[in-house]
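Engineer:
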Amino acid sequence: MDDYTRRLKEGSLKLYALEKELPPEEAVRVRRTFIEEETGTALPAVGSFTIGIDRVVKRNIENMIGAVQVPIGVAGPLPVKGEYARGSYYLPLATTEGALVASVNRGCSLITRAGGADVRIMRDGMTRAPVFAARDVVHAREVVAWVDEHTAEIRETAESTTKHGEFLEAVSYVAGTSVFVRLEFDTKDAMGMNMVTIASQKVGELIERETGARLVSTSGNMCTDKKPAAINLVRGRGKTVVAGVRLTDEMVADLLKTDSETLVAANYRKNLVGSARAASFGFNAHAANVVAAMFIACGQDPAHVVEGSTAITTADRVDGGVYVSVTLPSLPVGTVGGGTGIDTQHECLAMLGVAGGGDPPGTHAKALAEIVAAGVLAGELSLLGALAAQHLARAHQDLGRG
993 MDDYTRRLKE GSLKLYALEK ELPPEEAVRV RRTFIEEETG TALPAVGSFT
1043 IGIDRVVKRN IENMIGAVQV PIGVAGPLPV KGEYARGSYY LPLATTEGAL
1093 VASVNRGCSL ITRAGGADVR IMRDGMTRAP VFAARDVVHA REVVAWVDEH
1143 TAEIRETAES TTKHGEFLEA VSYVAGTSVF VRLEFDTKDA MGMNMVTIAS
1193 QKVGELIERE TGARLVSTSG NMCTDKKPAA INLVRGRGKT VVAGVRLTDE
1243 MVADLLKTDS ETLVAANYRK NLVGSARAAS FGFNAHAANV VAAMFIACGQ
1293 DPAHVVEGST AITTADRVDG GVYVSVTLPS LPVGTVGGGT GIDTQHECLA
1343 MLGVAGGGDP PGTHAKALAE IVAAGVLAGE LSLLGALAAQ HLARAHQDLG
1393 RG
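Take the sequence shown: its letters are residues 993 to 1394, numbered as in this note's numbering.
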């Protein structure tokens, strides 16, 4: 037993303090050895990784003992006709679900044959919503009025905390004596949660000082972060993105092995009626699958799959075919900060041509959002086709069970 392990066992050295006495790689090794001895479990695979950890242990993880590896497959090429992403892309998908990559790949083939997916960003703004306690409802109304009348002051305070963020708007909501001020920012190429939280703290202190309402919490859940919420569907959070493609009847028959009428009916009864009957916020087949796989591969916050899953898939019968689209009201993505700087995740972003900051700022994050939306469209097309053709169970039997 080395001296560090002995001190950990005695309690004179804390697990989190190892990096203060050792280089990062050695601290991780000692901590893993301690956990192996404490749990009686050998962790050689957890301890085998290639990512550089000097930055990781400072910004991404505490008490690190190693890394979990998730297989990455590619689907594509996928032609995207966006305003920021224009070209053909291979999608990095990190998943353990057999059949997923194959399914998205089939959707990519269909979109390729159709000439590419049209993608547009409708709205872009990251939010944080401090909550204040007013004395009574009269005071609550006064707080709202102050916020409405002092936009310039709020903007100056918010933007004093960041070099890159831009304040967009403040919208207030009242429930009794609780006042929620939903602050929205353009965070450029960052997903932006750290940025908007720091700015919102300063704005919250300003509102408290000027109105007398007590700042209870920098986040009052009207943001709404990492939870299903109707406000994100209606107002948006992160990027609001729409992707669509027109398919001919021949394409549907040839690649999806069904017909346009059956495809439209499957979408209507499953994604629209079924989701409504279940009171689901996700009116789609499996948008979360693609969002999660791309988020994990590209260093996004996996918890934001909650917002990304609330997509709406539509299928409209048109002359000679069908127009299928997906709308993602709340897609929080970034290409700088968070997990985007980890070696393997950075490489996946580089595959897509969006690693790091864009020129002008914000263009890389917007391009990533457009690519993700097109990937979701590919996944929806393939699964809807499999359901309409009654092929889903067979695909999972063949690919999900080896």
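For each residue, glycine too, the CB sits at the ideal point set by N, CA and C. All of these numbers come straight from a predicted model, not from anything done at the bench.
Just mark Asp-1116 as buried or exposed, buried being the case when its beta carbon has 16 or more other beta carbons within 10 Å.
Structural biologist: Numbered from 1 along the sequence shown, position 124 holds the residue referred to as residue 1116. Asp-1116 should be labelled buried.
Engineer: Got a sec? Which residues, its chain only, sit under 7 Å from Tyr-1081 by beta carbon, not counting five neighbours each side?
Structural biologist: Position 89 of the sequence shown, counting from 1, holds the residue named residue 1081. Taken in chain order, the residues that qualify are Gly-1068, Pro-1069, Leu-1070, Val-1072, Leu-1344 and Ile-1363.
Engineer: What distance in whole Å lies between the Cβ atoms of Gly-1065 and Val-1020, which are believed to be in contact at a cut-off of 8 Å?
Structural biologist: In the sequence shown, the residue the question calls residue 1020 occupies position 28. In the sequence shown, the residue the question calls residue 1065 occupies position 73. The Cβ separation is near 28 Å, so there is no contact.
Engineer: With DSSP as the reference, please indicate the residues paired to Leu-1421 in a beta bridge.
Structural biologist: There is no way to answer for residue 1421, as the model of the chain reaches only from 993 to 1394.
Engineer: My guess is that Arg-1024 and Gly-1044 are in contact by the Cβ rule of under 8 Å, so how many angstroms apart are they, rounded?
Structural biologist: Indexing the sequence shown from 1 puts residue 1024 at position 32. Indexing the sequence shown from 1 puts residue 1044 at position 52. Contact flag wrong, Cβ pair sits at about 17 Å.
Engineer: Please report the straight-line C-alpha distance between Thr-1327 and Phe-1172, rounded to a whole angstrom.
Structural biologist: Residue numbering aside, residue 1327 sits at position 335 when the sequence shown is read from its first letter. Residue numbering aside, residue 1172 sits at position 180 when the sequence shown is read from its first letter. Cα to Cα, Thr-1327 sits roughly 30 Å from Phe-1172.
Engineer: Using only CA atoms, which one of Phe-1273, Gly-1204, Gly-1300 and Ala-1271 lies nearest to Ala-1396?
Structural biologist: Limits of the chain in this structure are 993 at one end and 1394 at the other, which puts residue 1396 out of reach.
Engineer: Under the assumption that Leu-1014 contacts Val-1022 (Cβ atoms under 8 Å), give the Cβ distance between them as a whole number of angstroms.
Structural biologist: Residue numbering aside, residue 1014 sits at position 22 when the sequence shown is read from its first letter. Residue numbering aside, residue 1022 sits at position 30 when the sequence shown is read from its first letter. Their Cβ separation, rounded to whole angstroms, is 7 Å, which keeps Leu-1014 and Val-1022 in contact under 8 Å.
Engineer: If you draw a straight line from the C-alpha of Thr-1087 to the C-alpha of Met-1183, how long is it?
Structural biologist: In the sequence shown, counting from the first residue as 1, residue 1087 sits at position 95. In the sequence shown, counting from the first residue as 1, residue 1183 sits at position 191. One C-alpha to the other measures close to 22 Å.
Engineer: Provide the residue span of the alpha helix (DSSP H) that contains Gly-1377, from first to last.
Structural biologist: Residue 1377 sits at position 385 when you count from the first residue of the sequence shown. Run containing Gly-1377: 1355-1380, per the alpha helix (DSSP H) assignment.
Engineer: Taking the alpha carbon of Leu-1376 as the point to measure from, which residue in Thr-1254, Ser-1272, Gly-1329 and Pro-1353 has its own alpha carbon closest?
Structural biologist: For the purposes of this step, residue 1376 is identified with residue 384 of the sequence shown, where counting begins at 1. Closest by alpha carbon: Thr-1254.
Engineer: Identify every residue that forms a DSSP beta bridge with Pro-1321.
Structural biologist: Looking up residue 1321 in the sequence shown gives position 329. Paired residues: none, contrary to the question.
Engineer: Taking the continuous alpha helix (DSSP H) assigned at Lys-1194, which residues delimit it?
Structural biologist: Reading the sequence shown from its first residue, position 202 is the one you call residue 1194. Per DSSP, Lys-1194 belongs to the alpha helix (DSSP H) from 1185-1203.
Engineer: Within 10 angstroms of its Cβ, does Ser-1152 collect 16 or more other Cβ (buried), or is it exposed?
Structural biologist: The residue labelled residue 1152 in the question sits at position 160 within the sequence shown. So Ser-1152 counts as exposed.
Engineer: Comparing alpha-carbon positions, which option in Asp-1128, Ala-1380 and Ala-1366 lies nearest Ala-1106?
Structural biologist: Translated into positions along the sequence shown, residue 1106 becomes position 114. Comparing Cα-Cα distances from Ala-1106 to each of Asp-1128, Ala-1380 and Ala-1366, the minimum goes to Ala-1366.
Engineer: For Tyr-1008, count neighbouring C-beta atoms within 10 Å of its own C-beta (all shown protein chains included) and say buried if the count is 16 or more, exposed if not.
Structural biologist: As a position in the sequence shown, residue 1008 is number 16, starting the count at 1. Exposed, because fewer than 16 other Cβ atoms sit within 10 Å of the Cβ of Tyr-1008.
Engineer: Which residues in the same chain have their Cβ closer than 6 Å to the Cβ of Glu-1158, if we skip the five residues on either side of it in sequence?
Structural biologist: Within the sequence shown, numbered from 1, the residue matching residue 1158 stands at position 166. Excluding residues within five positions, the ones whose Cβ falls inside 6 Å are Asp-1178.
Engineer: Taking only the alpha-carbon atoms, compute the straight-line gap between Phe-1273 and Ser-1267 and give it to the nearest angstrom.
Structural biologist: As a position in the sequence shown, residue 1273 is number 281, starting the count at 1. As a position in the sequence shown, residue 1267 is number 275, starting the count at 1. If I take the Cα positions, the gap works out to 7 Å.
Engineer: Which residues in the same chain have their Cβ closer than 6 Å to the Cβ of Lys-1231, if we skip the five residues on either side of it in sequence?
Structural biologist: Locating residue 1231 in the sequence shown gives position 239, counting from the first residue. For Lys-1231, where only same-chain residues beyond five positions count, the Cβ hits under 6 Å are Ile-1113, Asp-1116, Leu-1323 and Ala-1361.
Engineer: Taking the alpha-carbon positions, what's the Ala-1059 to Ala-1289 distance?
Structural biologist: Within the sequence shown, the letter at position 67 stands for residue 1059. Within the sequence shown, the letter at position 297 stands for residue 1289. Computed Cα separation, rounded: 14 Å.
Engineer: In angstroms, rounded to a whole number, what distance separates the CA positions of His-1397 and Arg-1147?
Structural biologist: Here the chain covers residues 993 to 1394 and nothing more, so residue 1397 does not appear.
Engineer: Closest to His-1383 by CA distance: which of Ser-1209, Pro-1122 and Ser-1095 is it?
Structural biologist: By 1-based counting over the sequence shown, the position of residue 1383 is 391. Of the candidates Ser-1209, Pro-1122 and Ser-1095, the one whose C-alpha sits nearest the C-alpha of His-1383 is Ser-1095.
Engineer: Does Thr-1336 pass the burial test, meaning 16 or more other C-beta atoms within 10 Å, or should it be called exposed?
Structural biologist: Looking up residue 1336 in the sequence shown gives position 344. So Thr-1336 counts as buried.
Engineer: Return the CA-CA distance between Ala-1235 and Asp-1110, expressed in angstroms with no decimal places.
Structural biologist: Along the sequence shown, read from residue 1 onward, the residue named residue 1235 stands at position 243. Along the sequence shown, read from residue 1 onward, the residue named residue 1110 stands at position 118. Approximately 6 Å, taken between the alpha carbons.
Engineer: Round the Cβ separation of Ala-1295 and Asp-1181 to the nearest angstrom and send it over; I've been treating them as touching at under 8 Å.
Structural biologist: For the purposes of this step, residue 1295 is taken as the residue at position 303 of the sequence shown. For the purposes of this step, residue 1181 is taken as the residue at position 189 of the sequence shown. So it is not a contact: roughly 20 Å between Cβ atoms.
Engineer: Please classify Arg-1021: does DSSP put it in a helix, a strand, or coil?
Structural biologist: Mapped onto the sequence shown, residue 1021 falls at position 29. Reduced to three states, the DSSP call for Arg-1021 is helix.
Engineer: Closest by CA to Glu-1029, which one among Lys-1012, Gly-1313 and Arg-998?
Structural biologist: Within the sequence shown, the letter at position 37 stands for residue 1029. Taking only the C-alpha atoms, the option nearest Glu-1029 is Arg-998.
Engineer: Glu-1017 to Glu-1054, Cα distance in whole Å?
Structural biologist: Along the sequence shown, one-based indexing puts residue 1017 at 25. Along the sequence shown, one-based indexing puts residue 1054 at 62. Approximately 13 Å between the Cα atoms of the pair.
Engineer: Thinking just about the alpha-carbon of each residue, which of Lys-1194, Ala-1150, Ala-1191 and Leu-1239 is nearest to the one in Ser-1374?
Structural biologist: Position 382 of the sequence shown holds residue 1374. Comparing Cα-Cα distances from Ser-1374 to each of Lys-1194, Ala-1150, Ala-1191 and Leu-1239, the minimum goes to Leu-1239.
Engineer: Kindly indicate which residue of Asp-1293, Asp-1311, Ile-1304 and Gly-1313 has the alpha-carbon position closest to the one of Met-1185.
Structural biologist: In the sequence shown, counting from the first residue as 1, residue 1185 sits at position 193. For the residues Asp-1293, Asp-1311, Ile-1304 and Gly-1313, the minimum Cα distance to Met-1185 belongs to Asp-1293.
Engineer: Should the stretch 1117-1126 be regarded as contacting the stretch 1209-1227, the criterion being three or more beta carbon pairs within less than 8 Å?
Structural biologist: Counting Cβ pairs under 8 Å, three or more are found: they touch.
Engineer: Ordered along the chain, which non-local residues of its own chain (more than five positions away) have a Cβ less than 6 Å from that of Thr-1203?
Structural biologist: On the sequence shown, position 211 is the one that residue 1203 refers to. The residues are Val-1135 and Trp-1138.
Engineer: With respect to the beta strand (DSSP E) encompassing Gly-1312, which residues constitute its N-terminal and C-terminal limits?
Structural biologist: Your numbering for residue 1312 matches position 320 in the sequence shown. Note, Gly-1312: premise wrong, no beta strand (DSSP E); not H, not E.
Engineer: What is the rounded straight-line gap between the Cα of Lys-1219 and the Cα of Asp-995?
Structural biologist: Taking the sequence shown and counting its residues from 1, the one referred to as residue 1219 is at position 227. Taking the sequence shown and counting its residues from 1, the one referred to as residue 995 is at position 3. Roughly 44 Å between the two C-alpha positions.
Engineer: State buried or exposed for Pro-1352, treating a residue as buried only when at least 16 other CB atoms are found within 10 Å of its CB.
Structural biologist: Position 360 of the sequence shown, counted from the first residue, corresponds to residue 1352. Under this definition Pro-1352 is an exposed residue.
Engineer: In its own chain, which residues sit with a C-beta less than 7 Å from the C-beta of Asp-1128, not counting the 5 before and 5 after it?
Structural biologist: Within the sequence shown, residue 1128 is the residue found at index 136, counting from 1. Excluding residues within five positions, the ones whose Cβ falls inside 7 Å are Thr-1169.
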